[in-house]
Amino acid sequence: MKVTLISHTPEPELACALAAKTCHAAKMPKGPMTREGMKRMLDIVIGSGHTSVLEHASFTFAVEGVSRSLTHQLVRHRMASFSQQSQRHVRLKDFEYVVPPTVEKSPKTAKAFRETMSLISDAYGQLAEMGVPLEDARYVLPNAATSNIVVTMNARSLHNFFELRSCLRAQWEIRKLANLMLREVQKKAPLLFEWAGPICKARGICMEGVTDCKFYKLYVKKKPS
Ligand SMILES: Cc1cc2nc3c(=O)[nH]c(=O)nc-3n(C[C@H](O)[C@H](O)[C@H](O)COP(=O)(O)OP(=O)(O)OC[C@H]3O[C@@H](n4cnc5c(N)ncnc54)[C@H](O)[C@@H]3O)c2cc1C
38 MKVTLISHTP
48 EPELACALAA
58 KTCHAAKMPK
68 GPMTREGMKR
78 MLDIVIGSGH
88 TSVLEHASFT
98 FAVEGVSRSL
108 THQLVRHRMA
118 SFSQQSQRHV
128 RLKDFEYVVP
138 PTVEKSPKTA
148 KAFRETMSLI
158 SDAYGQLAEM
168 GVPLEDARYV
178 LPNAATSNIV
188 VTMNARSLHN
198 FFELRSCLRA
208 QWEIRKLANL
218 MLREVQKKAP
228 LLFEWAGPIC
238 KARGICMEGV
248 TDCKFYKLYV
258 KKKPS
């Protein structure tokens, strides 16, 4: 899996901090702002849930070499824009695939998995050679087949994505993607994403109720007794 942040709103922290400041200012606020000023504004809006101001910053990622299983989960996030490699137009000759760690860890399961992929690859190739259109030949391709996808999310949607997908209960491949995306945006806009991450870190709550999770112990606020 390769994740590249290919573009983003210029000065994303300033864009959101100025938007937040506008709500309580008699005159339209203008930049620049100090780092402390931006942090104060952003901490208030993020802490209070006034997160619509985070929609003023967008981030675009190129995601390569992930499984179709991952992209199927990813595109469920409706508050995002996607452009995905087409299986109708791109012939996946000797298609690449993702091998889950639980399959890879045993030689026996890894062998069975790879043999199945090889059979599928042969079947796909034969169908294409026999004139079946790619849009139909692809019906034999597995969830493991890799794909490339470009995704754009604004900072509000990214917070929601990280809450759901960097949780230790999320599926391993999309969790890995979420963590790589989180690392990229934290480098570019640390003030916007300081507290981004699984919902326990972001909000001190756990929706999964897994009390023996290491993040639960670290982040979930104890209710006053
Ligand atoms: C651990 C886990 C397990 C899952 N298991 C399943 C499963 O078994 N089956 C399955 O189908 N899905 C499953 N999902 C997918 C999940 O239900 C969501 O579709 C997905 O996570 C996208 O989240 P979202 O709707 O918050 O994101 P987005 O679509 O980006 O939406 C962001 C937010 O906008 C608001 N919003 C968006 N659209 C609407 C709308 N139409 N009406 C009202 N508010 C809206 C909501 O507040 C939403 O949280 C799972 C997700 C996770 C994290």
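In the numbering used here, the protein residues as written are 38 to 262.
Virtual Cβ for every residue (Gly too), placed ideally from N, Cα, C.
Query                                                                                                                                                        : Result
For Ser-184, count the other beta carbons within 10 Å of its own beta carbon; 16 or more makes it buried, fewer makes it exposed. Which is it?               : buried
In the region 131-178, which residue ranges form an unbroken alpha helix (DSSP H) of at least 4 residues, counting only runs that do not cross its ends?     : 138-141, 144-166 and 171-174
To which residues of the same chain is Lys-251 closer than 8 Å at the C-beta, ignoring the five residues directly before and after it?                       : Leu-205
Go to Val-222, then tell me how far its alpha helix (DSSP H) extends in each direction, as first and last residue.                                           : 209-225
Answer with yes or no whether the minimum CB distance from Trp-209 to chain D is below 9 Å.                                                                  : Judged by its chain identifiers, the structure shown contains no chain D, having just a single protein chain.
With a threshold of 8 Å (Cβ to nearest heavy atom), would Arg-240 be considered close to ligand 1?                                                           : no
Tell me which residues share the same chain as Ala-52 and place their Cβ nearer than 6 Å to its Cβ, disregarding the 5 neighbours each side in the sequence. : Thr-46, His-93 and Ala-94
May I ask whether a heavy atom of ligand 1 can be found less than 8 Å away from the beta carbon of Cys-250?                                                  : no
Who are Phe-96's beta bridge partners in DSSP?                                                                                                               : His-45 and Met-190
Quick check: the Cα distance between Pro-227 and Val-177, rounded to an integer number of angstroms?                                                         : 43 Å
Give the DSSP bridge partners of Phe-119, in chain order.                                                                                                    : Val-188
At which residues does the alpha helix (DSSP H) containing Gln-124 begin and terminate?                                                                      : Here Gln-124 belongs to no alpha helix (DSSP H), and DSSP marks it neither H nor E.
Pick from Val-257, Leu-229 and Lys-148: whose alpha carbon is nearest that of Pro-137?                                                                       : Lys-148
Name the DSSP beta bridge partners of Ser-104, please?                                                                                                       : Thr-183
Under DSSP, the alpha helix (DSSP H) around Ser-85 begins and ends at which residues?                                                                        : 72-85
Between Lys-238 and the rest of its own chain, which residues show a CB-CB distance below 6 Å, the 5 nearest in sequence each way excluded?                  : Tyr-256
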